[in-house]
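Residues in the sequence shown are numbered from 1 upward in steps of one, following our numbering.
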Amino acid sequence: MIPILRGSPMTIRTLLALPLALLLGACGGGADQPDAPAAQGAQAASGTTLTAFQLEHGIGPVTEAVTLGALDPAMAERGKATFETKCSACHKFDARYVGPSLGGLMERRTPAYIMNMILAPEEMYTKHPAAKQLLAELMTQMPNTGLTRDQAREVVEYLRTVSPTPSGQ
Numbered sequence: 001m002i003p004i005l006r007g008s009p010m011t012i013r014t015l016l017a018l019p020l021a022l023l024l025g026a027c028g029g030g031a032d033q034p035d036a037p038a039a040q041g042a043q044a045a046s047g048t049t050l051t052a053f054q055l056e057h058g059i060g061p062v063t064e065a066v067t068l069g070a071l072d073p074a075m076a077e078r079g080k081a082t083f084e085t086k087c088s089a090c091h092k093f094d095a096r097y098v099g100p101s102l103g104g105l106m107e108r109r110t111p112a113y114i115m116n117m118i119l120a121p122e123e124m125y126t127k128h129p130a131a132k133q134l135l136a137e138l139m140t141q142m143p144n145t146g147l148t149r150d151q152a153r154e155v156v157e158y159l160r161t162v163s164p165t166p167s168g169q
């Protein structure tokens, strides 16, 4: 008998059930926003416990919800310039490219989540279940582009102006 399988039948069943549960949890429908039970299962599997705020808004330097007011055209224009310089090589709005399509992103993610993904992608890929799932699907990790918090907020403002629903994703 394999040494690790010695013990009570309950221990053996538990050891065999864990990989199966992880496999089934990883075979979700490919949605990019996990539901609460899936997120809790991912937390348990990774050993990381996230708060409800972190599950919704991400992990990183943005630790409070970002409230969006009326669209700020000047801020959006600065965000467009930053996006074109730092983001457009990997992201498109109407299709998956190197990174995921950003079409409809503002409807799927909170501004704080987007900013945390921009500002702390390594931490997000390491600790956040939705970011981990995205990395597993795309097999490409977003680099830290070195943007400031203000620049990330400007990119969010730009995304508000051009975030159509993706086609064929």
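Don't be surprised by glycine CBs; every beta carbon is placed ideally from N, CA and C.
Below 8 Å on the Cβ atoms is my contact criterion, and I expect residue i with residue j to pass it. Report the Cβ-Cβ distance as a whole number of Å.
| i | j | result |
| --- | --- | --- |
| Gly58 | Met117 | 6 Å |
| Asp72 | Glu157 | 6 Å |
| Leu50 | Lys132 | Incorrect: roughly 11 Å between the Cβ atoms, too far for contact. |
| Thr110 | Glu56 | 6 Å |
| Val66 | Met115 | 7 Å |
Hey, how far is the Cα of residue i from the Cα of residue j?
| i | j | result |
| --- | --- | --- |
| Gly60 | Pro100 | 20 Å |
| Leu102 | Phe83 | 12 Å |
| Thr85 | Ala136 | 26 Å |
| Ala130 | Ala112 | 14 Å |
| Ala89 | Tyr97 | 9 Å |
| Arg78 | Ala152 | 10 Å |
| Ala70 | Glu154 | 13 Å |
| Gly104 | Glu64 | 22 Å |
| Ala76 | Leu159 | 8 Å |
| Cys87 | Phe53 | 26 Å |
| Ala74 | Thr161 | 12 Å |
| Glu122 | Val62 | 14 Å |
| Thr140 | His91 | 12 Å |
| Glu107 | Leu68 | 13 Å |
| Lys80 | Leu147 | 13 Å |
For residue i, does the three-state DSSP call read helix, strand or coil?
| i | result |
| --- | --- |
| Val62 | coil |
| Gln169 | Caution applies to Gln169, whose pLDDT of 41 falls short of 50 and renders its modelled position unreliable; the model cannot decide the point. |
| Leu71 | coil |
| Leu55 | helix |
| Leu50 | coil |
Under a CB-based cut-off of 7 Å, is residue i close to chain C?
| i | result |
| --- | --- |
| Val62 | Included in the structure is just one protein chain, with no chain C present. |
Does the Cβ of residue i have 16 or more other Cβ atoms within 10 Å, making it buried, or fewer, making it exposed?
| i | result |
| --- | --- |
| Arg149 | exposed |
| Ala120 | buried |
| Leu134 | buried |
Check your understanding: Which full runs of the alpha helix (DSSP H) of 4+ residues lie inside the segment 73-152, going along the chain?
Key -> 73-86, 105-108, 111-119, 121-127, 129-138
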